[in-house]
Amino acid sequence: MGDDYGFDKVRFTNYKEDIFDCPICSCVARLPKDCSCCGTVFCGPCVDSWLKKQSECINRCPKNSTIQNIQKSLKKIYDDLEIRCSYCPKSFKIAEIEKHEINCKLPKCVNYEVCGNIVGSTYEFENFKVCDHTCMLMSKIKQTKNKLDLYACLKQYVKDRQIGQQVQTNQLGLNSDQVNPNIPVFKWDRQRMGTGIVSSDGDTRIFLKEQAYMFRTAVATYGFEKGIGYWEIEADDKTENELKIGVSTCRDFNYNTAFCDFEFGWAYYGLAQLRHNSNATGPSFGKRFKKEGILGVCLNMNTGTLKFSLNGELMGTAYTDEKLKQGPIYPAVSLLHCAGCKIITGKPIPAIFLN
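Quick note on this note's numbering: the sequence shown kicks off at 16 and runs consecutively.
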């Protein structure tokens with residue numbers, strides 16, 4: 016069944032009761048809620064749809080009864096349920112299954128057992144059924160029969176990469192002597208994303224669309240160790256809720272939270288505010304940013320500062336902190352309900368950040 020209904024009971028490995036059976040769709044509840052009067056458990060999507068048409072519980076409970084998220088004691092039992100993936104034989108905790116299935120149903124790289132990645136989104140990668148240039152090279156090497164073939168394969172690979180880099184340089188409008196090979200190029204880490212976040216465009220673009228209103232974080236694949244780092248966040252015009260954008264000194268935590276809720280996260284919030292070690296309050300900063308524009312992010316580990324720009328205009332220094340001098344420090348973004356963005360890397364640091 017789709018996300019508008021519950022889970023088929025036959026998929027569960029440790030659920031033999033009926034406590035979480037939704038009376039509307041007759042499946043095990045997804046995003047469970049219950050009635051404050053009768054205690055009946057429903058699928059969140061099912062009961063929300065029901066209440067749009069009816070003003071009372073399906074069991075005709077008193078009108079002062081409410082439909083609410085299940086209590087903590089019941090939620091603990093629910094979270095311990097294990098469910099089989101729809102696309103592979105593995106089983107997962109029910110809270111983890113959605114994130115797993117999003118990636119599991121995607122076409123896998125021919126070297127999946129080694130790299131664990133899905134096929135890249137460019138035509139070149141799709142044609143070879145690989146995730147990136149490393150696996151493309153590995154795939155070609157497997158087809159060689161002798162040292163002469165191997166040499167020719169490697170020589171052609173180096174040549175193709177040089178041509179590709181020159182094309183990218185031309186697209187950026189740079190001369191070859193302007194290109195700095197030390198500028199890192201990175202993307203979002205598919206293994207370090209909150210539930211429901213979907214990546215595309217070679218993992219540079221991410222989007223979240225769900226019923227829940229919970230911040231979910233994506234962390235980049237690259238961590239800065241020293242010097243000055245710069246990247247850009249391009250807004251997605253389908254975004255409905257402001258993003259939290261910044262850096263984290265920790266890359267392994269609960270991604271179903273905002274990274275800046277903790278002391279290891281520093282963020283600019285699109286409501287023209289800052290967030291650090293707080294999920295509720297922060298000082299005003301800069302301008303609002305949501306569904307249009309380019310947000311520039313500059314991390315200066317020499318001075319321990321984090322600065323932001325909007326559409327080429329410097330908004331100022333958001334943070335000065337000694338902890339921002341100690342790497343690794345990872346770019347991060349937190350999405351809420353319906354939001355997305357694209358990360359742009361490999362560009363030189365704009366002069367506005369160097370003055």
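Just so it is clear, CB atoms sit at the ideal spot from N, CA and C, and this is done for glycine as well.
* Asked: In chain order, which alpha helix (DSSP H) runs of at least 4 residues are fully inside the region 42–72?
  -> 59–68
* Asked: Just curious, the beta strand (DSSP E) that GLU128 is in, first and last residue?
  -> First-last for GLU128: 127–130, but that is the alpha helix (DSSP H), not the beta strand (DSSP E).
* To do: Please report how far the alpha carbon of ALA295 lies from the alpha carbon of PRO343, in whole angstroms.
  => 26 Å
* Report the residue from PRO346, GLN341, GLY311, THR318 whose alpha carbon sits nearest the alpha carbon of ALA366. => GLY311
* Asked: Is it right to say ARG303 is buried, meaning 16 or more other beta carbons lie within 10 angstroms of its own, or is it exposed?
  -> exposed
* Asked: Could you give the distance in angstroms between the alpha-carbon of LEU286 and the alpha-carbon of GLN177?
  -> 42 Å
* Please check the pair GLU249 and ILE198, which I expect to be a contact at CB under 8 Å, by giving their CB distance rounded to whole angstroms. => With 8 Å as the limit, GLU249 and ILE198 do not qualify as a contact, their Cβ atoms being about 18 Å apart.
* Asked: What three-state label does DSSP hand ASP36 in the structure shown?
  -> In the displayed model, ASP36 falls within a strand according to three-state DSSP.
* Does the distance from the CB of LYS87 to the CB of THR210 come in under 9 Å? -> no
* Take ASP204 as the anchor and find which of TYR270, SER293, THR81, GLY21 has the nearest alpha-carbon. => Taking only the C-alpha atoms, the option nearest ASP204 is TYR270.
* **Supposed contact pair LEU314 and LEU321 - C-beta distance, whole angstroms, cut 8 Å** => About 6 Å separates the CB atoms of LEU321 and LEU314; that is less than 8 Å, so the two are in contact.
* To do: From the DSSP output, in three-state form, read off TRP203 for me.
  => strand
* Could you name the residues of the same chain whose beta carbon sits closer than 8 Å to that of GLY297, not counting the 5 residues immediately before and after it, in chain order? => TYR284, GLN288, LEU289, ARG290, HIS291
* In the DSSP assignment, what residue or residues form a beta bridge with TYR345? -> Looking at the DSSP output, TYR345 sits in a beta bridge with SER263.
* **Which listed residue (LEU96, GLU328, GLN341) has its alpha carbon closest to that of GLY242** => GLN341
* To do: Could you spell out the range, first to last residue, of the beta strand (DSSP E) harbouring SER88?
  => SER88 -> not in any beta strand (DSSP E); alpha helix (DSSP H) instead, spanning 87–94.
* If we ignore side chains and look at the alpha-carbon of each, how far apart do PHE201 and GLY238 end up? -> 9 Å
* Asked: Relative to the alpha-carbon of PHE323, which residue among GLU247, SER263, THR272 has its alpha-carbon at the smallest distance?
  -> GLU247
* Report the partner residues of LYS302 according to the DSSP bridge assignment. => Paired residues: none, contrary to the question.
* Asked: DSSP on LYS174, reduced to helix/strand/coil?
  -> helix
* Output yes or no for whether 9 Å exceeds the beta carbon distance between THR149 and CYS168. => no
* Pick from CYS146, ARG99, SER101: whose alpha carbon is nearest that of PRO122? -> Of CYS146, ARG99, SER101, the residue nearest in Cα terms is CYS146.
* Asked: Per DSSP, which one or two residues make a beta bridge with LEU223?
  -> ALA354
* To do: Report yes or no: do three or more beta-carbon pairs, one from the region 91–104 and one from the region 60–77, lie closer than 8 Å?
  => Inter-segment contact for the region 91–104 and the region 60–77 is absent: fewer than three beta-carbon pairs are separated by less than 8 Å.
* Inter-residue spacing [alpha-carbon to alpha-carbon] between TYR166 and LYS160 -> Cα to Cα, TYR166 sits roughly 11 Å from LYS160.
* Using CA coordinates, which residue listed in PRO104, ILE39, THR55 is at the minimum distance from SER64? -> ILE39
* **Identity of the residues DSSP links to PHE368 by a beta bridge** => Per DSSP, none; premise fails for PHE368.
* To do: Apply the 10 Å Cβ neighbour rule to GLY331 and answer buried if 16 or more other Cβ atoms are within range, or exposed otherwise.
  => exposed
* Close-in-space but distant-in-sequence residues of the same chain around GLU307 (CB under 7 Å, 5 per side omitted) -> Closer than 7 Å at the Cβ level, and outside the excluded window around GLU307, lie ALA250, ASP252.
* **DSSP beta-bridge partners of VAL213** => PHE222
* Is the CB-CB distance between LYS305 and ALA282 below 9 Å? -> It is not a contact, given that the beta carbons lie outside the stated cut-off.
* At which residues does the alpha helix (DSSP H) containing SER154 begin and terminate? -> 148–157
* Name the residue from SER293, GLY244, CYS42, THR236 whose alpha carbon lies nearest to the alpha carbon of ASP267. => THR236
* **Inter-residue CB distance, GLU116 and TYR102 (contact presumed, cutoff 8 Å)** => 6 Å
* Figure out for me which residue from ALA273, CYS53, CYS58, GLY54 has the closest Cα to the Cα of PRO47. => The residue with the shortest Cα to Cα distance from PRO47 is CYS58.
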